[in-house]
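Scroll down for the structure; my scribbles are underneath it.
Protein chains: 2
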Amino acid sequence: MEDTRGDSGPLKSVRRLFDVVEAIEALQEATLTEIADETGIATSTLYEYLKTLEGVQYIIKEDREYRLGSKFVRLGTSSKQVIPLTGVVTPYLERLAEDTGETVWFLIEEYGLGVYLEHAAGDQSIKTAHSIGGQSHLHCHAGGKAILAHLPADRVNKIINTHGLPAMTENTITSRSRLLEELEQIRDQGYAQNDSEQLEGTRAVSSPIVIEGEVFGAISIGGPEHRLHGEWFEEELPNQVRSVTNEIRLDRLYS
Amino acid sequence: MEDTRGDSGPLKSVRRLFDVVEAIEALQEATLTEIADETGIATSTLYEYLKTLEGVQYIIKEDREYRLGSKFVRLGTSSKQVIPLTGVVTPYLERLAEDTGETVWFLIEEYGLGVYLEHAAGDQSIKTAHSIGGQSHLHCHAGGKAILAHLPADRVNKIINTHGLPAMTENTITSRSRLLEELEQIRDQGYAQNDSEQLEGTRAVSSPIVIEGEVFGAISIGGPEHRLHGEWFEEELPNQVRSVTNEIRLDRLYS
DNA sequence: GATATTGTTCCGGTAATCCCGGAATCCGTC
DNA sequence: GACGGATTCCGGGATTACCGGAACAATATC
Numbered sequence: 001m002e003d004t005r006g007d008s009g010p011l012k013s014v015r016r017l018f019d020v021v022e023a024i025e026a027l028q029e030a031t032l033t034e035i036a037d038e039t040g041i042a043t044s045t046l047y048e049y050l051k052t053l054e055g056v057q058y059i060i061k062e063d064r065e066y067r068l069g070s071k072f073v074r075l076g077t078s079s080k081q082v083i084p085l086t087g088v089v090t091p092y093l094e095r096l097a098e099d100t101g102e103t104v105w106f107l108i109e110e111y112g113l114g115v116y117l118e119h120a121a122g123d124q125s126i127k128t129a130h131s132i133g134g135q136s137h138l139h140c141h142a143g144g145k146a147i148l149a150h151l152p153a154d155r156v157n158k159i160i161n162t163h164g165l166p167a168m169t170e171n172t173i174t175s176r177s178r179l180l181e182e183l184e185q186i187r188d189q190g191y192a193q194n195d196s197e198q199l200e201g202t203r204a205v206s207s208p209i210v211i212e213g214e215v216f217g218a219i220s221i222g223g224p225e226h227r228l229h230g231e232w233f234e235e236e237l238p239n240q241v242r243s244v245t246n247e248i249r250l251d252r253l254y255s
Numbered sequence: 001m002e003d004t005r006g007d008s009g010p011l012k013s014v015r016r017l018f019d020v021v022e023a024i025e026a027l028q029e030a031t032l033t034e035i036a037d038e039t040g041i042a043t044s045t046l047y048e049y050l051k052t053l054e055g056v057q058y059i060i061k062e063d064r065e066y067r068l069g070s071k072f073v074r075l076g077t078s079s080k081q082v083i084p085l086t087g088v089v090t091p092y093l094e095r096l097a098e099d100t101g102e103t104v105w106f107l108i109e110e111y112g113l114g115v116y117l118e119h120a121a122g123d124q125s126i127k128t129a130h131s132i133g134g135q136s137h138l139h140c141h142a143g144g145k146a147i148l149a150h151l152p153a154d155r156v157n158k159i160i161n162t163h164g165l166p167a168m169t170e171n172t173i174t175s176r177s178r179l180l181e182e183l184e185q186i187r188d189q190g191y192a193q194n195d196s197e198q199l200e201g202t203r204a205v206s207s208p209i210v211i212e213g214e215v216f217g218a219i220s221i222g223g224p225e226h227r228l229h230g231e232w233f234e235e236e237l238p239n240q241v242r243s244v245t246n247e248i249r250l251d252r253l254y255s
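Which chain is which? The protein sequence lines are A and B, in order. Following full-length UniProt numbering from start to finish, the first sequence increments by one per residue and tops out at 255. Following full-length UniProt numbering from start to finish, the second sequence increments by one per residue and tops out at 255.
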């Protein structure tokens, strides 16, 4: 029997449960048959999954449509709270967003992908491109490269092997050696840049939070290239992110 | 065989899965044996649950400790996005927090409990008392009462039957008739107040967002009683929340 | 408004799986 | 290096997840 999730653990019903949950997530709101189509689970079986999810109050059935309940919001908050830096980072993000006027992100690495955990919008910033909890490849933006630059070499290789280096734009780094070279450079200069590598017309500058050799995440400033250019992009923003990540490092160390 | 979750759905393994997830949530970080103690599941069985959760990348095993992964953050974001007002409410919350200097909340009702979904902190505000996704009884604070006041009478009764009216402080309304009376008054005046009913020494003012007879949530302003008193608490804040919820209503209607 | 169609809920038998005891292995500690 | 504790692995037996199909409900069609 084929299985979309491969050998991801012995308990089939748990795997299927998350198939169901993710199907509802993807569809936002959906009826039983819609979810059945999405997952390939027989309607009578799916009915039991949905009934149970409703019983534990993790999904909500309104009229005939199912949607995710706010208990997932609670789990999300709990999940974030355990991550060492989430509490510390927020005020720094807000100040940086205010000072620069651009959108600022706090990003971590998990299972080889980047995850956006916090966000602060400056007055100039356009509406958010990513959502909190959203995943992204690491090789195609400043924050991801900043993190990769400080992961052990074997982990970087494993991540590349698992997720590849897919081209998001024509500027995306798609060669392993090119990437490793750039990571070297990022380590040297203490910050990373993204020039239309993830999304055409957008740029970013990022610096990692490294404490005792371990990366805990990265702070990024991003915006449209018509604002992020020249000295502002090459000098000013790199200095600002680096000084903020340094402050966070010290805050974390002495508190 | 006894079951903590009662008749909450036919699929036992799904119920147990959420027992495991919630145990990890409660413990924040925990080893296999700690989770086994918390849930009462045999270690060999639990091992399979954790293995599967790790396989689908919803938990993270570091060293010997398990914790919730950020996929729950993603699900939380998705869950919030489906709720009709989340997108709309944020800028209004921020403005209200700035204007009043106090902490401001957006609250909804789900399964008979209040859930805090958004939050904005004014410069005067102390650190947040609730967390995003956190649940609370509805009868003991302004936002909850504002919502209850606009739910159908039979739903209100059902909620009281299910969750009771537990006393959180000596000011908490613990009598059904007293509560119903106050809800009546809240409907009349268009806002609700909380005077040390949830937490000693804190007050709040709240107004519901009602569109075509349906409550979609409530906005609350909360703070310590030494700041929330007199005309500010009795006149100014009620006017401010009401005007904001009214704006949100109109924003929602014509957009 | 009656009928057709589509979607949901219920039921029961069976194959699969979850489940736990116990053994083996790993890890930290004395 | 031996001990104790925790984790991982294994196997068989009991439970339950699973799906077909029937009953029922809701919606669409004429």
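Glycine is no exception: its CB is placed at the ideal position from the N, C-alpha and C atoms.
For the pair of segments examined, the segment 87-98 of chain A was found to touch the segment 107-123 of chain A: the number of CB pairs separated by less than 8 Å reaches three. From the listed residues A:Ala-142, A:Ile-173 and A:Leu-183, the smallest Cα separation to Ala-153 of chain A is found for A:Leu-183. Secondary structure within the segment 92-145 of chain A: the beta strand (DSSP E) runs of 3 or more consecutive residues, fully enclosed, are 103-110 and 113-120 (chain order). The shortest CA-to-CA distance from Tyr-66 of chain B to any of B:Asn-194, B:Tyr-49, B:Leu-179 and B:Thr-169 is the one to B:Tyr-49. When Cβ pairs closer than 8 Å are counted between the two stretches, the segment 222-230 of chain B is seen to touch the segment 195-207 of chain B, the count reaching three or more. Residue pairing of Ser-207 of chain A in beta bridges, as defined by DSSP: A:Ile-219.
Taking the CA atoms as reference points, Thr-86 of chain A sits about 29 Å from Arg-15 of chain A. Close partners of Lys-80 of chain A in chain B (Cβ separation under 8 Å): Ser-70 and Val-73. Linking His-137 of chain B to Ser-243 of chain B through their CA atoms gives a straight-line distance of about 26 Å.
Rounded to whole angstroms, Lys-61 of chain B and Pro-10 of chain B show a C-alpha spacing of 30 Å. Within 10 angstroms of the beta-carbon of Asp-99 of chain A lie fewer than 16 other beta-carbons, which makes it exposed. Of A:Glu-25, A:Pro-84 and A:Gly-222, the smallest CA-CA separation from Asp-251 of chain A is found for A:Pro-84. Distance between Lys-12 of chain A and Ile-59 of chain A, taken at the CA atoms: about 20 Å.
Assignment of beta-bridge partners to Ala-192 of chain B by DSSP yields B:Ser-206.
Only those residues of the segment 104-138 of chain B whose C-beta falls short of 8 Å from the nearest C-beta of chain A are listed: Ile-108, Glu-110, Tyr-111, Val-115, Leu-117, Ser-131, Ile-132, Gly-133, Gly-134 and Gln-135. At least one CB of chain A lies nearer than 9 Å to the CB of Val-14 of chain B. A contact is defined here as three or more CB-CB pairs under 8 Å, and the segment 157-170 of chain B fails this definition with respect to the segment 207-224 of chain B. In this structure, Ala-97 of chain B lies away from Ala-146 of chain B, with their beta-carbon atoms at least 9 Å apart. Contact with chain A is found for Lys-51 of chain B, since one of that chain's Cβ atoms lies less than 9 Å from the residue's Cβ. When Cβ pairs closer than 8 Å are counted between the two stretches, the segment 18-26 of chain B is seen to touch the segment 34-49 of chain B, the count reaching three or more. Across the segment 219-231 of chain A, no CB contact with chain B closer than 8 Å is found for any residue. Counting along the chain, Tyr-66 of chain B sits inside the beta strand (DSSP E) bounded by residues 65-68.
Gly-114 of chain A is classed as buried because its beta carbon has at least 16 other beta carbons within 10 Å across all chains shown. Going by C-alpha positions, Gln-81 of chain B is about 11 Å away from Arg-74 of chain B. Chain A places a beta carbon closer than 9 Å to that of Tyr-58 of chain B, counting this residue as a contact. Non-local C-beta neighbours of Gly-101 of chain A in its own chain, meaning closer than 8 Å and more than five positions away in sequence, comprise Gly-122, Asp-123, Gln-124 and Ser-125, ordered along the chain.
Take the alpha-carbon of Met-168 of chain B and the one of Phe-233 of chain B: they are about 22 Å apart.
Around the beta carbon of Ser-175 of chain B, fewer than 16 other beta carbons sit within 10 angstroms, so the residue counts as exposed. Note that the C-beta distance between His-139 of chain A and Leu-148 of chain A is below 9 Å. With respect to Gly-164 of chain A, Pro-238 of chain A sits apart: the two C-beta atoms are not nearer than 9 Å. Nearest in C-alpha terms to Glu-197 of chain B, of all of B:Leu-68, B:Gln-185, B:Gly-223 and B:Tyr-111, is B:Gly-223.
Around the Cβ of Thr-77 of chain B, a 10 Å sphere holds 16 or more other Cβ atoms; the residue is buried. Checking the DSSP bridge columns, you'll see Ala-153 of chain B has no partner listed.
Nearest CB-CB separation between Leu-93 of chain B and chain A: not below the 9 Å threshold.
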